[in-house]
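**Q** Quick note, the sequences are listed as chains Z and W, same order. Mapping the first sequence onto our numbering, position 12 (from 1) lands on 12, and the numbers just tick up by one. Here our numbering runs 267 ahead of the position in the second sequence, where the first position is 1.
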Amino acid sequence: MKKYLSFFRLRLQMGMQYRAAAFAGMATQFFWGFMLIFAYHAFYESNPSAFPMEFSALVSYIWLQQAFLALFITWRFDNDILAMISDGGLAYELARPVSLYRMWFAKNLAMRLSEAALRFAPVLLVAILLPKPWGLSLPKSPLHFLLFLITMVLGLLLTIAFLMIVYGLTTRMLTSYGIRIFLSSVMEFLSGQVIPLPFFPDRIRTVLEFLPSAGMQNVPLRIYSGDLTGEAMIRAILLQLVWLSVFAAAGKLLLKSAEKRAVLQGG
Amino acid sequence: MIHMENVVKTYKVARRNAGAKAAFRALFRREYELIRALSGISFTIEDGEMVALLGPNGAGKSTTIKILSGILYPDSGRVECNGFVPYKDRMRYTREIGVVFGQRSQLFWDVPVADSFELLRDIYDIPEADFRKNEAELTELLQLQEILRTPARQLSLGQRMRCEIAGSLLHSPKILFLDEPTIGLDAVSKLALRQFVKNLNEEKKTTVILTTHDMQDVEALSKRVIMIGKGKLLLDGTIDDIRKEGESLDESLVEFYEGIDGMTGKEEEQP
Numbered sequence: 001m002k003k004y005l006s007f008f009r010l011r012l013q014m015g016m017q018y019r020a021a022a023f024a025g026m027a028t029q030f031f032w033g034f035m036l037i038f039a040y041h042a043f044y045e046s047n048p049s050a051f052p053m054e055f056s057a058l059v060s061y062i063w064l065q066q067a068f069l070a071l072f073i074t075w076r077f078d079n080d081i082l083a084m085i086s087d088g089g090l091a092y093e094l095a096r097p098v099s100l101y102r103m104w105f106a107k108n109l110a111m112r113l114s115e116a117a118l119r120f121a122p123v124l125l126v127a128i129l130l131p132k133p134w135g136l137s138l139p140k141s142p143l144h145f146l147l148f149l150i151t152m153v154l155g156l157l158l159t160i161a162f163l164m165i166v167y168g169l170t171t172r173m174l175t176s177y178g179i180r181i182f183l184s185s186v187m188e189f190l191s192g193q194v195i196p197l198p199f200f201p202d203r204i205r206t207v208l209e210f211l212p213s214a215g216m217q218n219v220p221l222r223i224y225s226g227d228l229t230g231e232a233m234i235r236a237i238l239l240q241l242v243w244l245s246v247f248a249a250a251g252k253l254l255l256k257s258a259e260k261r262a263v264l265q266g267g
Numbered sequence: 268m269i270h271m272e273n274v275v276k277t278y279k280v281a282r283r284n285a286g287a288k289a290a291f292r293a294l295f296r297r298e299y300e301l302i303r304a305l306s307g308i309s310f311t312i313e314d315g316e317m318v319a320l321l322g323p324n325g326a327g328k329s330t331t332i333k334i335l336s337g338i339l340y341p342d343s344g345r346v347e348c349n350g351f352v353p354y355k356d357r358m359r360y361t362r363e364i365g366v367v368f369g370q371r372s373q374l375f376w377d378v379p380v381a382d383s384f385e386l387l388r389d390i391y392d393i394p395e396a397d398f399r400k401n402e403a404e405l406t407e408l409l410q411l412q413e414i415l416r417t418p419a420r421q422l423s424l425g426q427r428m429r430c431e432i433a434g435s436l437l438h439s440p441k442i443l444f445l446d447e448p449t450i451g452l453d454a455v456s457k458l459a460l461r462q463f464v465k466n467l468n469e470e471k472k473t474t475v476i477l478t479t480h481d482m483q484d485v486e487a488l489s490k491r492v493i494m495i496g497k498g499k500l501l502l503d504g505t506i507d508d509i510r511k512e513g514e515s516l517d518e519s520l521v522e523f524y525e526g527i528d529g530m531t532g533k534e535e536e537q538p
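1. Considering only residues of the segment 467-500 of chain W, which uninterrupted beta strand (DSSP E) runs meet the minimum length of 3 residues and lie entirely inside it, listed in chain order?
2. So, using beta-carbon positions, are GLY327 of chain W and GLY498 of chain W closer together than 7 Å?
3. Nearest by alpha-carbon distance to ASP453 of chain W: which of W:MET428, W:PRO323, W:ASN401, W:ILE442 is it?
4. Can you give the Cα-Cα distance for LEU411 of chain W and GLU522 of chain W, rounded to whole angstroms?
5. Counting beta carbon pairs with one atom in the segment 327-336 of chain W and one in the segment 429-446 of chain W, are three or more of them shorter than 8 Å?
6. Expressed to the nearest angstrom, what Euclidean distance is found between the alpha-carbon atoms of PHE291 of chain W and ALA20 of chain Z?
7. Quick one: does TYR92 of chain Z have its CB under 7 Å from some CB of chain W?
8. When you compare only the Cα positions, how much space is there between PHE55 of chain Z and LEU197 of chain Z?
9. Let's test the definition: count the other Cβ atoms within 10 Å of the Cβ of GLN193 of chain Z and tell me whether it reaches 16, buried, or not, exposed.
10. Looking at LEU109 of chain Z and ILE160 of chain Z, is the spacing between their C-beta atoms short of 7 Å?
11. Check the C-beta distance from ILE237 of chain Z over to VAL219 of chain Z and give it rounded, since I have them as a contact under 8 Å.
12. Which residue comes first and which comes last in the beta strand (DSSP E) that contains ASN273 of chain W?
13. Check the Cβ-Cβ distances between ALA95 of chain Z and every residue of chain W, and say whether any is below 7 Å.
14. Shorter than 7 Å from the beta carbon of MET14 of chain Z to some beta carbon of chain W?
15. Have a look at GLU385 of chain W and MET14 of chain Z and give me their C-alpha separation to the nearest angstrom.
16. Taking the beta strand (DSSP E) that ARG345 of chain W falls in, what are its first and last residues?
17. At 4 residues or longer, what runs of the alpha helix (DSSP H) sit wholly inside the segment 70-102 of chain Z?
18. If we count Cβ pairs, one from each stretch, closer than 8 Å, do we get three or more for the segment 128-147 of chain Z versus the segment 159-175 of chain Z?
19. Suppose you measure from the CA of PHE120 of chain Z to the CA of PHE68 of chain Z; what does that come to, to the nearest Å?
20. Considering only C-alpha positions, which residue in the set W:ASN468, W:ALA381, W:PHE368, W:ASP382 is nearest to LEU424 of chain W?
21. In the structure shown, what three-state DSSP assignment does ARG297 of chain W receive?
22. Could you please give me the residues that DSSP links to ASP554 of chain W through a beta bridge?
23. Locate the alpha helix (DSSP H) running through PHE55 of chain Z, then write down its first and last residues.
24. Does the Cβ of PHE23 of chain Z have 16 or more other Cβ atoms within 10 Å, making it buried, or fewer, making it exposed?
25. Starting from the C-beta of THR417 of chain W, find all residues in its chain whose C-beta is less than 7 Å away, skip the five residues before and the five after it, and write them out in chain order.
26. Between the beta-carbon of LEU228 of chain Z and the beta-carbon of TYR61 of chain Z, is there less than 7 Å?
27. Exposed or buried, what is PHE105 of chain Z when buried is set at 16 or more other beta-carbons lying within 10 Å of its beta-carbon?
28. Rank W:LEU422, W:LEU387, W:LEU294, W:GLU486 by C-alpha distance to the C-alpha of LEU436 of chain W and give the top, closest one.
29. Should PHE7 of chain Z and MET84 of chain Z be called a contact, given that it needs their Cβ atoms to be closer than 7 Å?
30. From which residue to which residue does the alpha helix (DSSP H) around MET187 of chain Z run?
31. Taking Cβ positions only, does LYS256 of chain Z come closer than 7 Å to chain W?
32. Span of the alpha helix (DSSP H) holding VAL380 of chain W?
33. For chain Z, find out if any of its Cβ atoms is closer than 7 Å to the Cβ of LEU495 of chain W; answer yes or no.
34. Looking at the structure shown, is ALA21 of chain Z part of a helix, part of a strand, or coil, going by DSSP?
35. Taking the Cβ atom as the reference point for each residue, do GLY322 of chain W and ILE495 of chain W lie within a distance shorter than 7 Å?
36. Any idea if MET216 of chain Z is buried or exposed, counting beta-carbon neighbours within 10 angstroms, 16 or more meaning buried?
In structure tokens, the structure reads:
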């Protein structure tokens, strides 16, 4: 385990070096957050009764989403890993006593945590200071806050478990750009990154909430404000656990077979 | 001891003719061609030997090294290294070997070399005392004092290669694989590297298996030469089996290749 921790540490240190990217990211996230909130506000004004969430819950959802963007976006891959797969650097990884799955998982986790660590605090700070109804509200209760933190960890792990499956598929192809874009975009849409899941028509939403994608950002961001609570919340957390184990098993299987049938590209 | 017996390895390669029509047809029906990288290679290497694998591009040298270092599965045949079947016992076997690929880097690009070394320490579970000792020794021998604190991306090729070699030896491997270690190096670095590898082999009795296109490497380093061409074993002997009076080794080598059916002019690059 120690070696994967040390991978994690090194990648984390590396990630903390990129200050300019962090500033740029933060600026984008502020801008994007405001834009979304203004757009939803216009909908809300036109017909508050048709709005599927409390407006304050939606605003919290958006600010948390922007602050923790780096944890949940489905299209953020580790370029080192992709390069390694396409140019044959994979050989080096296999020539050492490491499991590809654990090492890549550790790398991705560290990358996302370091990116989030540089970005989330200023966004949250400003969002909390904003006047009603534009700012981030406090969590519904201490229990909801605790569950928010726990489900955020689960959601992050599930997101990475999804990426691992994509890396696994990537090792089987000469060019993987197509499948990567396709899967990431579908996941992004279904996870509530573009539109929060409560805004989908009821029937579709019922299905979406059973999918693995719902366990990524949807669960923690809605638990925070109390939009997801009671029985529905418990079911959502259980589903997170189920999907996490399914995805992890699938990813491990894929990478195990990649280790065996690695066709190493580029000599 | 390293033992390969009748090892066969084929790659599947997608092929199509040039042009839009062929490209369109390939959307529906892919044609694959099986390329035989190794067709029945056998040899044995004893502990502490230093062996050069020779052969033109695409001959199967890299495939051989990759099978021996646990990276690739052969299609058939038997492979055994120090009591392990490399590709099956990968996690345990790779602790005993060091690998340097001249055209790749195992160092983390964005952090100082020393950080990469500490990562390697944890990957191989090297006890702290051994690690310090090995690191100090390698730093001294390969003159890394100045560059350990530099990020790998800012090193020159020669500096980087010295770091790669050091990185592959931190865990005191019993076997060292060097895949084109001198490629692109200047004369000074080449000489230093050869001397270092020679000493390593003589003093620590590390088995060294290297591939190279540089005949001076071979001359300076290895008594034993294994030549592979078109996936077959062409020669298992010494450099003197190739050398001819009054010619450079390169010339003799070309003549040697020409003496074997269809060896030159038809080199195929393989994955």
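Cβ atoms here follow ideal geometry from the backbone N, Cα and C, with glycine treated the same way. Quantities reported herein were computed from a predicted structural model and do not represent experimental measurements.
**A** According to the data block:
1. As far as the segment 467-500 of chain W is concerned, its whole beta strand (DSSP E) runs of at least 3 residues are 474-478, 491-496.
2. Their beta carbons are under 7 Å apart, which means GLY327 of chain W touches GLY498 of chain W by this criterion.
3. Closest by alpha carbon: W:MET428.
4. Cα to Cα, the separation comes out at about 41 Å.
5. By the C-beta criterion, the segment 429-446 of chain W is judged to be in contact with the segment 327-336 of chain W, since at least 3 inter-stretch pairs fall below 8 Å.
6. In this structure, the CA atom of PHE291 of chain W is about 44 Å from the CA atom of ALA20 of chain Z.
7. Closer than 7 Å to the CB of TYR92 of chain Z there is at least one CB belonging to chain W.
8. Roughly 14 Å between the two C-alpha positions.
9. Buried is the call here.
10. In contact: ILE160 of chain Z and LEU109 of chain Z (Cβ atoms closer than 7 Å).
11. Rounded, the Cβ-Cβ distance is 7 Å, consistent with contact.
12. From DSSP, the beta strand (DSSP E) with ASN273 of chain W extends over 269-282.
13. At least one C-beta of chain W is nearer than 7 Å to the C-beta of ALA95 of chain Z.
14. Contact of MET14 of chain Z with chain W is assigned, a C-beta pair being separated by under 7 Å.
15. C-alpha separation (whole angstroms): 14 Å.
16. According to the DSSP assignment, ARG345 of chain W belongs to the beta strand (DSSP E) that extends over 343-348.
17. Scanning the segment 70-102 of chain Z for uninterrupted alpha helix (DSSP H) segments of 4 residues or longer gives 79-87, 90-94, listed from N- to C-terminal end.
18. Proximity of the segment 128-147 of chain Z to the segment 159-175 of chain Z falls short of the contact definition, fewer than three beta-carbon pairs being nearer than 8 Å.
19. Between the alpha carbons of PHE120 of chain Z and PHE68 of chain Z lies a gap of roughly 6 Å.
20. Answer by Cα proximity: W:PHE368.
21. Residue state, collapsed to three classes: coil.
22. This structure gives no information on residue 554 of chain W, because the portion of chain W shown stretches from 268 to 538.
23. Note, PHE55 of chain Z: alpha helix (DSSP H), 55-67.
24. When all chains shown are included, PHE23 of chain Z counts as exposed.
25. If you ignore the 5 residues before and after THR417 of chain W, its C-beta comes within less than 7 Å of the C-beta of PRO379, VAL380, all in its own chain and listed in chain order.
26. For the 7 Å CB-CB criterion, LEU228 of chain Z and TYR61 of chain Z do not form a contact.
27. The residue in question, PHE105 of chain Z, is buried, as its Cβ has 16 or more Cβ neighbours within 10 Å.
28. Ranked by how close their Cα comes to the Cα of LEU436 of chain W, the residues W:LEU422, W:LEU387, W:LEU294, W:GLU486 have W:LEU387 in first place.
29. Between PHE7 of chain Z and MET84 of chain Z, the C-beta spacing is not below 7 Å.
30. For MET187 of chain Z, the enclosing alpha helix (DSSP H) has its first and last residue at 177-190.
31. Not one chain W Cβ lies under 7 Å of LYS256 of chain Z.
32. First-last of the alpha helix (DSSP H) with VAL380 of chain W: 380-390.
33. Residue identity check: residue 495 of chain W is Ile in the sequence provided, not Leu. No - not a single Cβ of chain Z is within 7 Å of the one on ILE495 of chain W.
34. It is helical.
35. Between GLY322 of chain W and ILE495 of chain W, the CB-CB gap stays under 7 Å.
36. Result: buried.
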